[in-house]
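Residue numbers (our numbering): 33 to 342.
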């Protein structure tokens, strides 16, 4: 019996030498991922930069806190403010109204931040906050309703430079996977400030003659925070050396206009913006007017502040 004939073996496919075109194609995805990780690492603030970014975030939160505290420093003691300035409740309500009206040109904040930088915006807002609070104190101490109103308007204008800055700050200083928390902290700090203002103001001004003292305390706190704002870093040094300055791009204005048009035409934008605006308006009205609703029924001013803060 003859042995079985050997089965003809299939020819093996030719192997590509290392570094060939085919091998390069197979590794393109991994190479791109590796390049992206290297690029992110090169612009991610590390080392001592990590500590500085939390300092800047803390200053932004404190500025927001002081601004909203100043907003409610008359509304939470409305009856005492009426007695001090010798005006009616509608006039005192204008302190809250002008604070909100002064924020109408808030779209300019985006242009200002991109044109002059985050640090300039923070310092500008800090200076306007300090000036506004001291003008408020001077007007209140001199029993000048007009002077106090001018100071309140300046405090409202300071919001434009501080309130919308949290997201831009976290985008610059934090990795894209870690931006949610700092953005949230910066965004809720005004709410925390309104809570502190609601709780503290009725205890700082327990009678009409103590109203200037409560305004003075807010002015001093805002001055201390503004001094701290002078030491907020501009941007990470690694970003300065590796990331191009997009603000100088000639097509940036064109892109911004396109993004604005896309936003206006987006139904999702209105689904988010309209409920937020309505809810914020209800909250601001509630915080500003609750005292006038409860005091006639015998509620102490301190309890009204507690209810507003909660």
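Yeah, the Cβ is synthetic: ideal placement off N, Cα and C, and Gly gets one too. A quick note: this is a predicted structure, and the numbers were derived from the prediction, not measured.
Under DSSP, the alpha helix (DSSP H) around residue 136 begins and ends at which residues? Position 104 of the chain shown, counted from the first residue, corresponds to residue 136. Per DSSP, residue 136 belongs to no alpha helix (DSSP H) and is neither H nor E.
Would you check if the distance between the CB atom of residue 161 and the CB atom of residue 254 is smaller than 8 Å? Reading the chain shown from its first residue, position 129 is the one you call residue 161. Reading the chain shown from its first residue, position 222 is the one you call residue 254. Yes, Cβ-Cβ distance for residue 161 and residue 254 is below 8 Å.
Go ahead and pull the three-state DSSP assignment for residue 130. One-based indexing of the chain shown puts residue 130 at position 98. Three-state result, residue 130: helix.
Taking a contact to mean a Cβ-Cβ separation below 8 Å, would you say residue 340 touches residue 327 in this structure? Locating residue 340 in the chain shown gives position 308, where the first residue counts as 1. Locating residue 327 in the chain shown gives position 295, where the first residue counts as 1. Cβ distance not < 8 Å, so residue 340 and residue 327 don't count as in contact.
Pick from 323, 165, 298: whose alpha carbon is nearest that of residue 181? For this step, residue 181 is matched to residue 149 along the chain shown. Closest by alpha carbon: 165.
Using CA coordinates, which residue listed in 315, 297, 201 is at the minimum distance from residue 223? For the purposes of this step, residue 223 is taken as residue 191 along the chain shown, with counting starting at 1. Ranking 315, 297, 201 by Cα distance to residue 223 puts 315 first.
Cβ neighbours of residue 77 in the same chain (closer than 7 Å, five flanking residues each side left out): The count along the chain shown starts at 1 and reaches residue 77 at position 45. Confidence at residue 77 is low in this model, with a pLDDT of 46, below 50, so the placement of that residue should be treated as unreliable; the coordinate-derived value is given next. If we look at residue 77 and ignore the five residues flanking it on each side, its Cβ neighbours are 85, 205, 268, 270.
In whole angstroms, what is the alpha-carbon distance linking residue 235 and residue 250? Numbered from 1 along the chain shown, position 203 holds the residue referred to as residue 235. Numbered from 1 along the chain shown, position 218 holds the residue referred to as residue 250. So the alpha carbons of these two residues sit roughly 13 Å apart.
Across the region 291-307 and the region 109-127, are there enough close Cβ pairs to call them in contact, namely three or more that are closer than 8 Å? no
Spatial distance of residue 192 from residue 145 (CA atoms): Counting from 1 along the chain shown, the entry for residue 192 is found at position 160. Counting from 1 along the chain shown, the entry for residue 145 is found at position 113. Between residue 192 and residue 145, the C-alpha separation is close to 10 Å.
Would you give the residue range spanned by the alpha helix (DSSP H) that residue 227 belongs to? For the purposes of this step, residue 227 is taken as the residue at position 195 of the chain shown. Counting along the chain, the alpha helix (DSSP H) containing residue 227 begins and ends at 212-236.
Taking the CB atoms as reference points, tell me whether residue 188 and residue 134 lie closer together than 8 Å. To locate residue 188, count along the chain shown from 1; it is residue 156. To locate residue 134, count along the chain shown from 1; it is residue 102. Cβ atoms of residue 188 and residue 134: closer than 8 Å.
Under three-state DSSP, which class holds residue 244? Numbered from its first residue, the chain shown carries residue 244 at position 212. Helix.
Short of 6 Å in beta carbon distance, which residues of its chain neighbour residue 214, apart from the five on each side in sequence? Order them along the chain. To locate residue 214, count along the chain shown from 1; it is residue 182. Excluding positions up to five away in sequence, the list reads 89, 202, 206.
Below 8 Å on the Cβ atoms is my contact criterion, and I expect residue 104 with residue 219 to pass it. Report the Cβ-Cβ distance as a whole number of Å. In the chain shown, residue 104 corresponds to position 72, counting from 1. In the chain shown, residue 219 corresponds to position 187, counting from 1. So it is not a contact: roughly 19 Å between Cβ atoms.
Can you give the Cα-Cα distance for residue 64 and residue 208, rounded to whole angstroms? Here residue 64 refers to the residue found at position 32 when the chain shown is read from its first residue. Here residue 208 refers to the residue found at position 176 when the chain shown is read from its first residue. Confidence is the limiting factor: at residue 64 the pLDDT is only 44, short of 50, which leaves the residue's position unreliable and the question unanswerable from this model.
Provide the residue span of the alpha helix (DSSP H) that contains residue 151, from first to last. In the chain shown, counting from the first residue as 1, residue 151 sits at position 119. Looking at the DSSP string, the run of the alpha helix (DSSP H) that includes residue 151 is 150-173.
Contact check, residue 119 vs residue 185, beta carbons under 8 Å: Within the chain shown, numbered from 1, the residue matching residue 119 stands at position 87. Within the chain shown, numbered from 1, the residue matching residue 185 stands at position 153. Not in contact: residue 119 and residue 185 (Cβ atoms no closer than 8 Å).
Helix, strand or coil for residue 308? Go by DSSP, reduced to three states. In the chain shown, residue 308 corresponds to position 276, counting from 1. Residue 308: helix per DSSP, three-state reduction.
DSSP three-state call for residue 206: helix, strand or coil? Position 174 of the chain shown, counting from 1, holds the residue named residue 206. Reduced to three states, the DSSP call for residue 206 is coil.
Applying the 10 Å Cβ sphere with the 16-neighbour rule, what's the burial state of residue 108? As a first step, residue 108 is located in the chain shown; it is residue number 76 there, counting from the start. Flag for residue 108 reads buried.
Roughly how many angstroms lie between the CA atoms of residue 227 and residue 240, to the nearest whole one? Taking the first residue of the chain shown as position 1, residue 227 is located at position 195. Taking the first residue of the chain shown as position 1, residue 240 is located at position 208. Using only the alpha carbons, I get a separation of about 22 Å.
For residue 119, name the three-state secondary structure that DSSP assigns. Walking along the chain shown from the start, residue 119 turns up at place 87. DSSP places residue 119 in coil when its eight states are reduced to three.
Per-residue burial, residue 307 [other beta carbons within 10 Å of its own, 16 or more giving buried]: Locating residue 307 in the chain shown gives position 275, counting from the first residue. Burial call: exposed.
Are the beta-carbon atoms belonging to residue 225 and residue 100 less than 8 Å from one another? For the purposes of this step, residue 225 is taken as the residue at position 193 of the chain shown. For the purposes of this step, residue 100 is taken as the residue at position 68 of the chain shown. Yes. Within cutoff.
Own chain, CB closer than 8 Å to residue 217, minus 5 neighbours either side, in chain order: By one-based count along the chain shown, residue 217 stands at place 185. Excluding positions up to five away in sequence, the list reads 89, 93, 198.
Mapping DSSP to helix, strand and coil, what is residue 106? Sequence index remark: in the chain shown, residue 106 carries index 74 (1-based). Of the three classes helix, strand and coil, the one that applies to residue 106 here is coil, per DSSP.
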